[in-house]
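Numbering (my numbering), first residue to last: 51 to 450.
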């Protein structure tokens, strides 16, 4: 019996995707079409296909044939299916500003929208399933994003600099937002600020965009991002998001974990993303898709928060990114020509691995760059998997 199964995965061609990152990794010819995400898992929208001698089968169907064998006793009893979704994410343009619900919010929202008669694929639907969506993103290239509200004091400081050269109409229009930030309680101040931001008039929105695009000389990263956003989404009040969200940059191999309710946006770069098996997104700007600010306000955490970047200590051959989540764990392994057994914690878990550099021989079967496989938990009759070669392998697993 083989102890792992190669996968064929589906690609999402969202408009914000890069035409280069995923094709280059997969060894595909780039045709200029955006390649935004590659999904690895059993999500019903785009399930991975397992390569079998008899043909291909969706990963979900394959696991359902014998959940205890392919998931392990504990995972099969608790979830009944693979509980995570693993992705490559390649952003050429900014993704929407967004947050994800916690488990209770997801269940309530999904049931409410079902009762309202919204189709599963309705464009005005916010809850596409009943699951939460904690996630971790790990950079494969330099990666830029925004995450978590800045403190009210920091937002006021940045706004003062921003409005210093603004026309009087813009300064006057933003006075209520600055007043909201004077509230002593930070979470109340940020909640009021955010709510007022989306009530500003269309005239003020247009004046804001014109001011940003016509102002020269301010060359910090916030201004550069705001100009980019204003070009892409004129009239959207969220073009000033770099003033109220923390801007972060990941170097290759660095990651951060994102819990429910944290407002964020990925702006540019290529990475591996791992999350609970959900597609629930509540958007707050920089998109042509459905935005429901009152619903977003219900799930947002308005506590100031700076992203905590996880940096593996070099050199390493195996590193697991700490993430307070029961559905998934992300590990990176690097081979430098020798051989090593798959760590016991991974060998005992249902997992998916993808090679992002080089190629790895897994107990004699080669996985090349861009190839992925599903690894069921080992049983007592199987020899441990031995990895050899020069490679970087990212592995999503279920913590045991």
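Yeah, the Cβ is synthetic: ideal placement off N, Cα and C, and Gly gets one too.
C-alpha gap between residue i and residue j, whole angstroms
i, j, result
"residue 409", "residue 262", "47 Å"
"residue 74", "residue 323", "18 Å"
"residue 91", "residue 98", "5 Å"
"residue 187", "residue 62", "17 Å"
"residue 216", "residue 230", "20 Å"
"residue 369", "residue 362", "7 Å"
"residue 51", "residue 158", "With a pLDDT of 41 at residue 51, under the threshold of 50, the modelled position of this residue cannot be trusted, and the question is left open."
"residue 298", "residue 314", "10 Å"
"residue 434", "residue 396", "11 Å"
"residue 448", "residue 133", "8 Å"
"residue 445", "residue 212", "43 Å"
"residue 317", "residue 432", "44 Å"
"residue 238", "residue 352", "8 Å"
"residue 55", "residue 303", "26 Å"
"residue 440", "residue 162", "51 Å"
"residue 107", "residue 279", "42 Å"
"residue 138", "residue 228", "39 Å"
"residue 71", "residue 272", "25 Å"
"residue 223", "residue 143", "29 Å"
"residue 286", "residue 65", "18 Å"
Integer Cβ distance of residue i from residue j, believed to fall under 8 Å
i, j, result
"residue 131", "residue 110", "6 Å"
"residue 428", "residue 321", "Actually they do not touch by this definition, with Cβ atoms about 29 Å apart."
"residue 405", "residue 355", "Not really, about 34 Å apart at Cβ, beyond 8 Å."
"residue 167", "residue 399", "Not a contact, Cβ separation roughly 40 Å."
Classification of residue i by the beta-carbon crowding that lies within 10 angstroms, buried from 16 upward
i, result
"residue 155", "buried"
"residue 331", "buried"
"residue 437", "buried"
"residue 28", "Nothing can be reported for residue 28, as the shown portion of the chain is limited to 51 through 450."
Nearest candidate by alpha-carbon position, reference residue i, set the options
i, options, result
"residue 305", "249, 435, 382", "382"
"residue 328", "335, 389, 135, 280", "135"
"residue 221", "108, 241, 286, 250", "250"
"residue 450", "226, 124, 86", "124"
"residue 101", "112, 94, 147", "112"
"residue 281", "57, 336, 252, 253", "336"
"residue 146", "283, 210, 178, 60", "283"
Heavy atom of the ligand GDP within 7 Å of residue i beta-carbon
i, result
"residue 351", "With respect to the ligand GDP, the structure offers nothing, as it holds no ligand at all."
Notebook entry, point to check: Is it a yes or a no for the segment 196 to 206 touching the segment 293 to 312, going by three-plus beta-carbon pairs under 8 Å?
Noted result: yes
Checklist line | Segment contact, 8 Å Cβ cut-off, at least three pairs: the segment 237 to 248 with the segment 327 to 347 | finding: yes
Check: So, do the segment 369 to 380 and the segment 306 to 313 have three or more beta carbon pairs nearer to each other than 8 Å?
Finding: Three or more pairs of CB atoms, one per stretch, sit closer than 8 Å, so the segment 369 to 380 contacts the segment 306 to 313.
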